[in-house]
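A.B. asks:
Protein chains in written order, with this note's numbering: chain Z, 1 to 322; chain V, 323 to 650.
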């Protein structure tokens, strides 16, 4: 099969959906010149009226997307930097997420928000390195965090076709990753995890770029006689609880590795679910490996110290196996 | 036209008066912000609109909903939190919406409706439609960043959008002079190259005249207009204010504005034009009947089933969301 890089696969999803549905358009900062690469050459293909460069006004263009969506369009909104989500927070949470419910089910807000290059990017410091998905999940927003080129294309297509607000996080550390991707459009349903490696001793629930770190760790641990199962939720909301619990029922141990903050982060939610609904399966306490609750520091060694790594995961797995 | 505007303004006034009573009698829960005194703005603007034109409203939204054609039965039922209400009991006073009438909702966040109205205007322009959008907001919104972002983008892209500032002089208790480095709103909008006009918001014909012009410009592709409508709310910021014993406006000031009651002024004008007092009285009676019926409709409507509280959150549903707060 043909191979594509992660970013190309994501872009191909946009290209194909824009080709299939005239109501799909892209809006954001510098999307015509495509600083982030996901919207490269879209202007040539579809024209300026469907690829909209905006002033630096995140709240206003987020609200514009809501109004256009209520009018029957299917906007794709790009935030050039993950931290820009905070500027648009009222429009995302109070407006886009709540309006259909508060209006008693009138209308819908089919907007896809995308963050290309989410997470720490080596030396971008405190405001450009966040993975802010717990904030939007807390508000009920469907959240995509794909690890592979294949997954991101199928999930991006599902996001664009979904009739609700969906936020797609594309971690910086996987954008250049290559993988097999079918040419034809395909949709991966939300809420279906992918077991990226089968194992029997410990379940590692890993997200985004950390799925690959988990796979590497699993390889190393296999040499030590520890069999690791790698659970990749692919969408954080909805979350495939059934596969998670099934995996933990088999292994009896859970380590969650996730690059959002520790307090009320994604790993906390996964741990709570298993503690509440899978307690009897557990042979050891659940272990979380997360980002520390500080802004990502500029110094590279400090950055590496506060974000979760393969080494942290190795130590955590060995600990729960003791 | 004059009579139709009179009827709409009176419908708003009587609706709001009844709401105050019902809130005080604890039949309506939560917070309501009455539109009494400002009726000429919503009615004058909406008289210039087509049914499919879009509006976004504010926390003080009842007037806009009625002016745009909203049905008082379904509004009252929503205030009573009944399943027959516009929002099926999930929204209440600050969120009434009717997408079939282009009402993209009242809104509990100051200024937040502006970019949403801009989105409707943008979609219309992008698809070559003749539809336009109006965003209503108060003077308080003049100091919200998102409104200024919207003014800039709407002017930049010549969007079919009309900005209607209902300048009643107070953001809750704060006067425009205390809140604004430059209280000349028309001038501030003008700095975005948006034609703007200060309008007598107590005179429905003046508002209508200005709105027709603004709407014509929008439909002709000439871009947004900003109307700074000087008006006044005769009541407090919300119903409960009456019992709070706070004074930020002098009695003299309130009385002075009441002298300019937009409904009484129009009634006088209509009578001077030869409309019989009998006609106005029959409109009054019909309006009272409508409001009585609305209250009756609301009272007799069923409460929503609480088991359905988790429904209508997602248009594309998936199992497991939204999560319920507690399960066995």
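Ideal Cβ positions, reconstructed from N, Cα and C, are used throughout, including at glycine. Bear in mind that the values here come from a model prediction, so they are computed numbers and not experimental data.
Can you check which of these residues, 239/Z, 152/Z, 180/Z and 52/Z, is closest to residue 75/Z by C-alpha distance?
C.D. replies: Out of 239/Z, 152/Z, 180/Z and 52/Z, 52/Z has the C-alpha closest to the C-alpha of residue 75/Z.
A.B. asks: How far does the alpha helix (DSSP H) with residue 262/Z in it extend, from its first residue to its last?
C.D. replies: Here residue 262/Z belongs to no alpha helix (DSSP H), and DSSP marks it neither H nor E.
A.B. asks: Does any residue of chain Z have a CB that is nearer than 8 angstroms to the CB of residue 475/V?
C.D. replies: Yes - at least one Cβ of chain Z is within 8 angstroms of the one on residue 475/V.
A.B. asks: Please state the DSSP three-state secondary structure of residue 94/Z.
C.D. replies: Residue 94/Z: helix per DSSP, three-state reduction.
A.B. asks: Answer with yes or no whether the minimum CB distance from residue 324/V to chain Z is below 8 angstroms.
C.D. replies: So no, residue 324/V is outside the interface.
A.B. asks: Taking 8 angstroms as the CB-CB cut-off, is residue 60/Z touching chain V?
C.D. replies: So yes, residue 60/Z belongs to the interface.
A.B. asks: Relative to the C-alpha of residue 48/Z, which candidate in 479/V, 639/V and 629/V has its C-alpha closest?
C.D. replies: Nearest option by C-alpha distance: 479/V.
A.B. asks: Closest by CA to residue 64/Z, which one among 586/V, 493/V, 503/V and 474/V?
C.D. replies: The shortest Cα separation from residue 64/Z among 586/V, 493/V, 503/V and 474/V belongs to 474/V.
A.B. asks: Strictly below 8 angstroms CB to CB, what residues from chain Z border residue 444/V?
C.D. replies: By Cβ distance, chain Z contributes 64, 67 and 68.
A.B. asks: What first and last residue would you give for the beta strand (DSSP E) that runs through residue 205/Z?
C.D. replies: Segment 202 to 206, the beta strand (DSSP E) holding residue 205/Z.
A.B. asks: Provide the residue(s) that pair with residue 142/Z in DSSP beta bridges, ordered along the chain.
C.D. replies: Paired residue(s): 166/Z.
A.B. asks: Quick one: is residue 145/Z near chain V, going by C-beta distance under 8 angstroms?
C.D. replies: With 8 angstroms as the cut-off, residue 145/Z does not count as an interface residue toward chain V.
A.B. asks: Distance cutoff 8 angstroms, beta carbons only. Does residue 393/V sit that close to anything in chain B?
C.D. replies: The structure shown contains no chain B; its protein chains are Z and V.
A.B. asks: Per DSSP, residue 324/Z forms a beta bridge with which residues?
C.D. replies: A question about residue 324/Z goes unanswered here, because the residues of chain Z that appear run from 1 up to 322.
A.B. asks: Can you tell me whether DSSP reads residue 173/Z as helix, strand or coil?
C.D. replies: Residue state, collapsed to three classes: helix.
A.B. asks: Going by DSSP, which residues form a beta bridge with residue 79/Z?
C.D. replies: Note: residue 79/Z sits in a beta bridge opposite 115/Z.
A.B. asks: Counting only Cβ pairs nearer than 9 angstroms, list the residues of chain V close to residue 279/Z.
C.D. replies: Near residue 279/Z there are no residues of chain V at all, since even the closest Cβ is about 15 angstroms away, more than 9 angstroms.
A.B. asks: Can you tell me which of the three DSSP states residue 456/V falls into?
C.D. replies: Three-state DSSP puts residue 456/V in a strand.
A.B. asks: Which whole-angstrom value is the C-beta distance of residue 132/Z and residue 85/Z, which I expect to be below 8 angstroms?
C.D. replies: About 5 angstroms separates the two Cβ atoms, so the contact holds.
A.B. asks: If we count the other Cβ atoms within 10 Å of its Cβ and call it buried at 16 or more, is residue 357/Z buried or exposed?
C.D. replies: Look at the range of chain Z in this structure, 1 to 322, and you will see that residue 357/Z is not part of it.
A.B. asks: Going along chain V in order, which residues have a C-beta closer than 8 angstroms to the C-beta of residue 190/Z?
C.D. replies: Within 8 angstroms Cβ-Cβ: 640.
A.B. asks: Going by DSSP, what residue range makes up the beta strand (DSSP E) through residue 402/V?
C.D. replies: Element bounds for residue 402/V: n/a, residue is neither H nor E.
A.B. asks: Output the distance between the C-alpha atoms of residue 646/V and residue 42/Z, rounded to the nearest integer angstrom.
C.D. replies: Their backbone Cα atoms lie some 41 angstroms apart in a straight line.
A.B. asks: Less than 6 angstroms between C-beta atoms, sequence neighbours within five positions excluded: which residues of the same chain meet that for residue 402/V?
C.D. replies: Around residue 402/V: 620.
A.B. asks: Report yes if the CB atom of residue 10/Z is closer than 8 angstroms to the CB atom of residue 145/Z, and no otherwise.
C.D. replies: Result no, Cβ atoms of residue 10/Z and residue 145/Z do not sit closer than 8 angstroms.
A.B. asks: If we ignore side chains and look at the alpha-carbon of each, how far apart do residue 160/Z and residue 110/Z end up?
C.D. replies: So the two alpha carbons sit approximately 7 angstroms from each other.
A.B. asks: Can you say whether residue 564/V is buried or exposed, counting buried as having 16 or more other CB atoms within 10 angstroms of its CB?
C.D. replies: Exposed is the call here.
A.B. asks: Residue 386/V CB to nearest chain Z CB: under 8 angstroms?
C.D. replies: Not closer than 8 angstroms to any Cβ of chain Z, the Cβ of residue 386/V fails to qualify, so no.
A.B. asks: For the segment 391 to 415 of chain V, which residues have a CB atom closer than 7 angstroms to at least one CB atom of chain Z, in sequence order?
C.D. replies: Those residues of the segment 391 to 415 of chain V that come within reach of chain Z (Cβ to Cβ, closer than 7 angstroms) are 408, 409, 410, 412 and 413.
A.B. asks: Looking at C-alpha atoms only, which residue of 200/Z, 102/Z, 136/Z and 69/Z is the closest neighbour of residue 162/Z?
C.D. replies: Answer by Cα proximity: 69/Z.
A.B. asks: Determine whether the Cβ of residue 141/Z lies closer than 8 angstroms to any Cβ atom of chain V.
C.D. replies: So no, residue 141/Z is outside the interface.
A.B. asks: Rounded to whole angstroms, how far is the Cβ of residue 540/V from the Cβ of residue 617/V, which I believe are closer than 8 angstroms?
C.D. replies: In fact, because the Cβ distance is near 37 angstroms, the residues do not count as touching under 8 angstroms.
A.B. asks: Cα separation between residue 7/Z and residue 119/Z?
C.D. replies: Each residue's alpha carbon lies about 15 angstroms from the other.
A.B. asks: Within the same chain, show all residues whose beta-carbon is closer than 6 angstroms to that of residue 167/Z, passing over the 5 residues directly before and after it, in chain order.
C.D. replies: Correct list, in chain order: 113, 136, 141 and 143.
A.B. asks: Classify residue 4/Z as helix, strand or coil using the three-state DSSP reduction.
C.D. replies: Here residue 4/Z sits in strand by DSSP.
A.B. asks: By the 7 angstroms beta-carbon criterion, what residues does the segment 96 to 116 of chain Z contribute toward chain V?
C.D. replies: So the close ones are 99, 100, 101, 102, 103, 104, 105, 106, 107 and 108.
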